[in-house]
Amino acid sequence: MSNYRKRIPYGMMNFVDVRKDNCYFVDKTRFIPTMEQANKFFFFIRPRRFGKSLTMSMLQHYYDVLDKDKFDELYGDLYIGKHPTEERSSYLVIQLNFAVVNAELNNYRRSLDAHCNTEFNYFCDVYADYLPKGLKEEMNKKNGAVEQLDYLYKECKKHDLKIYLFIDEYDHFTNKILSEPGCLDEYQGETHGTGYLRNFFDTIKAGTYSSIKRCFVTGVSPVTMDDLTSGFNIGTNYSTSPEFNELVGFTEEDVREMLDYYRTTAEFHHSTDELIEKMKPWYDNYCFAEKKYGRTTMYNSNMVLYFVDNYIRNGCEIPDRMIEDNIRVDYNKLRMLIRKDKEFAHDASVIQTLVSQGYITGELKTGFPAENVGHPDNFVSLLYYFGMLTIDGTSRGKTRFIIPNQVVREQLFNYLLETYDEVDLKFSSMEKNDLNADLAYDGKWREYFQYIADCLSTYASQRDKMKGEYFVHGFTLAMTAQNRFYRPESEKDTQGGYADIFLLPLTSIYKDMLHSYIIELKYAKGKDSDEVVARLREEAIAQANRYADTEVVKRNVGHTTLHKIVVVYRGMDMVVCEDVL
């Protein structure tokens, strides 16, 4: 076993630092030749925390003329080091990061100007040997980002210099504005007609006829791109292209190779297969191209690095927390999705339907204007681009979407419960925690499900239009998903049919827990007779018994006692709650 170990680059976004600090690096440079054959003005959208910034940094240094002498050091042992392209080390690079631009409407132009001015001055300084003398001083006489960029690219053209423009989080402004109520008109003013952001992209477009020879633009949403489309209609969106499905994130092969490597540097207590089995339900199952469905799924790279880092530092034990706080913060930025969903929801919102039904169908849009985000297909697409949904094949001619993994499921359920809190349905954290522990350790299931029923009834009395089977199922699933001792499994994970909820016990983390549960939930309308309730109860008992015999359940109950809980609601009232022997 080696005493030397490569650093795990968790949270690192600078390619040079990753390489010089001898970090473990998953080589994505094989995509560079394919990217060079693509459109020179390249849009690429991926969810947060997927490694976009590190990939962009890798591209910047590959093309930067200033890094020509460092090429072997940075790329020599990578794919592109052995298969370099003619365009390597031949560009002057401008890198903009709109995440640092203040996205408030009254400060946006000032902040964009300030950020661009800083980066343009840096450009003038580092490329001083290539640029004409006095260019920096003349550039600073120009008023704002639009005029300064216009001046820079024209001067570079005069001297036959090529610029590669990189823009990270180009849609930061859009996502911020969409999260604030009542800002759509002002947003449209910036992105349409003579708006400043529109003018900035008009200037980039003009530069592409001159010295801006390539652009690489990333973000998490296609909304801004559509609003700016006539301002920058030469760009191509490669976000759903099969050839770039694996450009960022990790394949399972990548994860296995990483685990196999670190196994040589530490005394692992689990096999690679065992670790994959723990990680997969939490971090895997993203598909970014319909043609790749069923062939390749992607792991969220930052989450994988978090897990491996913690596993090794914690003495090669499974981390108690599968979601890191920074990841939670990033997902919290997407709370506006729930607000938007509620604004145009009908009897059941897209998110409520998704949680209750387990999937939703729609058309995957490559772009749409902000004012049309309320269209169901657009909203489903927005959820997909933000990483809250992933492709799960097709159904009746439409794309089928599901929640990709447990990390996202937990976030969505948290959001749903927070919307219930907004109407004064307050959950006692202490009471819930006690009920969760009692369920896992003492088998006190009746008190647990009565608490859920009481909360559900209280909420439903305030929102009559939300009553119904989807609501009862979604609410129950959201509540059980908050129980840290379990991971809820659903339809395609239990081979015998649709188990409403299988609470898979996390015994690898809570080794002394004693109880696991299958919950078969049935719903009768408020006016249905006792005979209907009795029939649903019998159906639920038969299904619970069948589900208990499936391989998924048998494999995961471990040493725990499995309870088969049958619950029947009539309207908003729980009329059956029993443990099937």
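Numbering (this note's numbering), first residue to last: 1324 to 1904.
We put the CB at the ideal spot given by N, CA and C, even for glycine.
Owing to the predicted nature of the structure, the values given are computational and were not obtained by experimental measurement.
Determine the direct distance from the alpha carbon of residue j to that of residue i, and round the result to whole angstroms.
i                  : j               : result
aspartate 1632     : isoleucine 1599 : 15 Å
aspartate 1816     : alanine 1437    : Residue placement at aspartate 1816 cannot be trusted, given a pLDDT of 40 that sits under 50; what the coordinates show is reported in the next sentence. Near 52 Å, if we compare the C-alpha coordinates of alanine 1437 and aspartate 1816.
glutamate 1812     : asparagine 1466 : 58 Å
asparagine 1440    : tyrosine 1431   : 14 Å
glycine 1791       : alanine 1804    : 20 Å
aspartate 1787     : arginine 1732   : Bear in mind that a pLDDT of 46 at aspartate 1787, under 50, signals an unreliable position, so the model cannot answer this.
glutamate 1575     : valine 1899     : 43 Å
aspartate 1757     : glutamine 1773  : 14 Å
lysine 1601        : isoleucine 1824 : 19 Å
isoleucine 1368    : arginine 1719   : 27 Å
methionine 1462    : lysine 1456     : 11 Å
arginine 1780      : valine 1678     : Residue 1780 is actually serine in this sequence, not arginine. Cα to Cα, serine 1780 sits roughly 19 Å from valine 1678.
leucine 1454       : valine 1339     : 24 Å
phenylalanine 1724 : glutamate 1686  : 10 Å
glycine 1638       : glutamate 1580  : 20 Å
leucine 1904       : asparagine 1868 : 9 Å
threonine 1588     : alanine 1847    : 57 Å
lysine 1845        : isoleucine 1726 : 23 Å
valine 1543        : leucine 1859    : 44 Å
Which residues in the same chain have their Cβ closer than 7 Å to the Cβ of residue i, if we skip the five residues on either side of it in sequence?
i                  : result
lysine 1343        : none
proline 1642       : Phe1630, Asn1633, Tyr1634
cysteine 1447      : Leu1454, Leu1458, Lys1459, Met1462
aspartate 1902     : Trp1768, His1886, Lys1887, Ile1888
proline 1699       : Val1673, Gly1685
alanine 1776       : Met1897
alanine 1871       : Ile1841, Leu1885, Lys1887
aspartate 1350     : Leu1401, Tyr1402
phenylalanine 1591 : Cys1639
Considering residue i, what are the terminal residues of the beta strand (DSSP E) in which it resides?
i               : result
methionine 1897 : 1896-1903
glutamine 1418  : 1415-1420
leucine 1827    : 1824-1828
threonine 1908  : The chain is shown only over 1324 to 1904; residue 1908 falls outside these bounds and no answer can be derived.
lysine 1887     : 1884-1893
lysine 1848     : Element bounds for lysine 1848: n/a, residue is neither H nor E.
threonine 1378  : It is not in any beta strand (DSSP E) - threonine 1378 instead sits in the alpha helix (DSSP H) that spans 1375-1386.
valine 1540     : 1535-1542
tyrosine 1809   : 1809-1812
aspartate 1632  : Element bounds for aspartate 1632: not the beta strand (DSSP E) but the alpha helix (DSSP H), 1624-1636.
What first and last residue would you give for the alpha helix (DSSP H) that runs through residue i?
i                  : result
tyrosine 1494      : Checking the displayed sequence, the identity of residue 1494 turns out to be aspartate instead of tyrosine. Looking at the DSSP string, aspartate 1494 is not in any alpha helix (DSSP H), and its letter there is neither H nor E.
alanine 1468       : 1467-1481
phenylalanine 1798 : 1792-1803
phenylalanine 1446 : 1431-1449
lysine 1405        : 1402-1405
lysine 1721        : Counting along the chain, lysine 1721 falls outside any alpha helix (DSSP H), though it belongs to the beta strand (DSSP E) covering 1721-1725.
leucine 1598       : 1595-1606
glutamate 1461     : 1458-1463
proline 1699       : 1699-1708
glycine 1530       : 1519-1530
phenylalanine 1394 : 1394-1398
Spatial neighbours of residue i within its chain, please: C-beta separation below 6 Å, excluding the five flanking residues on both sides.
i                  : result
alanine 1612       : Thr1563, Pro1565, Asn1568
methionine 1621    : Gly1572, Tyr1609
glycine 1820       : Low confidence applies here, because glycine 1820 scores a pLDDT of 44, under 50, leaving its location unreliable and the question unanswered by this model.
phenylalanine 1736 : Ala1801, Ala1804
tyrosine 1833      : Phe1808
valine 1416        : Gln1383, Asp1387, Tyr1487
lysine 1375        : Arg1369, Thr1541, Val1571
asparagine 1444    : none
In chain order, what residues of the same chain lie with their CB nearer than 8 Å to the CB of residue i, ignoring the 5 residues before and after it?
i               : result
arginine 1330   : Asp1344, Asn1345, Cys1346, Tyr1347
threonine 1619  : Asn1568, Glu1569, Thr1574, Cys1610
cysteine 1538   : Lys1363, Phe1364, Phe1365, Tyr1487, Leu1488, Phe1489, Ile1490, Ile1527, Thr1531, Gly1558
asparagine 1806 : Asn1759, Leu1762, Ala1763, Leu1826
glutamate 1442  : Ile1417, Gln1418, Leu1419
Among the options, which has the Cα closest to the Cα of residue i?
i                  : options                            : result
threonine 1722     : Lys1614, Asn1806, Glu1647          : Lys1614
glutamate 1409     : Leu1705, Pro1455, Tyr1385, Asn1560 : Tyr1385
leucine 1740       : Lys1755, Pro1727, Asn1728, Ala1865 : Lys1755
phenylalanine 1373 : His1592, Ser1624, Ala1468, Phe1354 : Ser1624
glycine 1690       : Phe1354, Ile1683, Tyr1707, Arg1869 : Tyr1707
aspartate 1648     : Ser1594, Val1730, Lys1480, Lys1688 : Val1730
So does residue i have its beta carbon nearer than 7 Å to some heavy atom of the ligand SAH?
i           : result
lysine 1834 : The model depicted lacks the ligand SAH and carries no ligand whatsoever.
Comparing the C-beta of residue i with each C-beta of chain C, is any distance below 8 Å?
i             : result
arginine 1521 : In summary, chain C is missing from the structure at hand, where a single protein chain is found.
When the Cβ atoms of the region 1700-1713 are set against those of the region 1602-1611, are three or more pairs found closer than 8 Å? yes
Quick one: any contact between the region 1479-1497 and the region 1412-1421, if contact means 3 or more CB pairs under 8 Å? yes
Give a yes or no on contact between the region 1616-1633 and the region 1327-1341, applying the rule of three or more CB pairs nearer than 8 Å. yes
Using 8 Å as the threshold, is the region 1794-1810 in touch with the region 1869-1876, meaning 3 or more CB pairs across them? no
Report yes or no: do the region 1840-1859 and the region 1879-1894 share at least 3 C-beta pairs separated by less than 8 Å? yes
Segment contact flag, the region 1524-1537 with the region 1362-1373, C-beta cutoff 8 Å, min 3 pairs: yes
Three Cβ pairs or more, each shorter than 8 Å: is that satisfied between the region 1831-1843 and the region 1882-1892? yes
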